[in-house]
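Written below as structure tokens is the structure these notes are about.
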Amino acid sequence: MVRKLLKKIFKFKDVKDIQEELFPKPVYVIAEDIIIDES
Amino acid sequence: MKPQIITKEDIKKCLPPCPRTPLDASRPDGYKRTVLFSDADYAMFSERFLTQDGFSKFKKWLGFCGMDSTAGQKQHWRRNYDCDNLAESYKAYMSLLHARANPLSFTESFKKGKENETKAEGVAVGVVYFKIKAKGSTSHHAINMAITKGLRNELTAIYIEPNGAGKINLTKKEKESIWYVNF
């Protein structure tokens, strides 16, 4: 909590922040969406 | 719901036709195209993610690595970091996202009783090389091809220029000229 507050005040980023900023969670095509041609 | 997993056979069906030429007749497969697959199966990212959200973060990541975008046509291009490097980077970046999103090893998964979102070994983003013909000259260019969901929920290949433009269309001739595919 204190760390969060300090980060907000001093606007610094730790490794986790940078990772979250640079590496977003991907959006997958889900199984129900797709029709595969089996022919 | 689980992400769809596809195989190399599914990807092969999405590749554009590659007509035979007399020059290629001597090759064992009769085709001028080399197609490589380095994973057993693949998950797919949505087109929107590949060309918008994920793409903008890819560019940010390049900037973080010191490969800043410059004004004008060249964008991230450098003589020592050109189209093939950019295409390999985009493929590697999307693989990183896939690995980060599915961090559990088989043992961890078993011990924790949790599962990754998908068991797919790779993500369906590849690198392709094709010919560009201009007046009196021919050159080669590397870009990315990704397999994703089409408008009618079918598997479809899209082309991505990693150096700034995002999703692009190739002409029929350019598609047919693809001579290297690596997924």
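If you read the protein sequences in the order shown, they are chains F and L.
Residues 4 to 42, numbered by my numbering, are exactly what the first sequence covers, in order.
Residues 1242 to 1424, numbered by my numbering, are exactly what the second sequence covers, in order.
Just so you know, even glycine gets a beta-carbon here, dropped at the ideal spot from N, CA and C.
query: Residues of the segment 1280-1299 of chain L with Cβ closer than 8 Å to any Cβ of chain F, in chain order; result: Ala1284, Met1285, Phe1286, Ser1287, Arg1289, Phe1290, Asp1294, Gly1295, Lys1298
query: Residue from L:Arg1289, L:Ala1361, L:Val1369 with nearest C-alpha to Tyr1283 of chain L; result: L:Ala1361
query: Collapsed DSSP secondary structure at Phe1371 of chain L in the structure displayed; result: strand
query: Collapsed DSSP secondary structure at Glu24 of chain F in the structure displayed; result: helix
query: Listed by chain order, chain F residues near Ala1342 of chain L by CB distance under 7 Å; result: Lys28, Pro29
query: Buried versus exposed call for Arg1274 of chain L [16 or more other C-beta atoms within 10 Å across all chains shown]; result: buried
query: Exposure label - Cys1255 of chain L; buried when at least 16 CB within 10 Å; result: buried
query: Classification of Ile1409 of chain L by the beta-carbon crowding that lies within 10 angstroms, buried from 16 upward; result: exposed
query: Segment contact, 8 Å Cβ cut-off, at least three pairs: the segment 1343-1356 of chain L with the segment 1366-1380 of chain L; result: no
query: Closest by C-alpha distance to Asp1280 of chain L, when choosing among L:Tyr1421, L:Asn1357, L:Lys1413, L:Ser1336; result: L:Ser1336
query: Buried/exposed call for Ile1384 of chain L, threshold 16 Cβ in 10 Å; result: buried
query: Those runs of the alpha helix (DSSP H) which lie wholly inside the segment 1289-1334 of chain L and span at least 4 residues; result: 1295-1305
query: 6 Å Cβ shell around Leu1291 of chain L - same chain, five flanking residues per side excluded; result: Ala1387
query: Three-way DSSP call (helix, strand, coil) for Asp1282 of chain L in this model; result: strand
query: Any chain F beta carbon closer than 7 Å to Trp1302 of chain L; result: yes
query: Any chain L beta carbon closer than 7 Å to Val18 of chain F; result: no
query: Cβ pair count under 8 Å reaching 3, the segment 12-30 of chain F against the segment 1288-1306 of chain L; result: yes
query: DSSP state of Val32 of chain F mapped onto helix, strand, coil; result: coil
query: Outcome for Phe1424 of chain L when other beta-carbon atoms lying within 10 angstroms are tallied against a minimum of 16; result: buried
query: Neighbourhood of Glu1402 of chain L by C-beta distance below 6 Å, restricted to the same chain and skipping five residues each side; result: Ile1384, Ile1409
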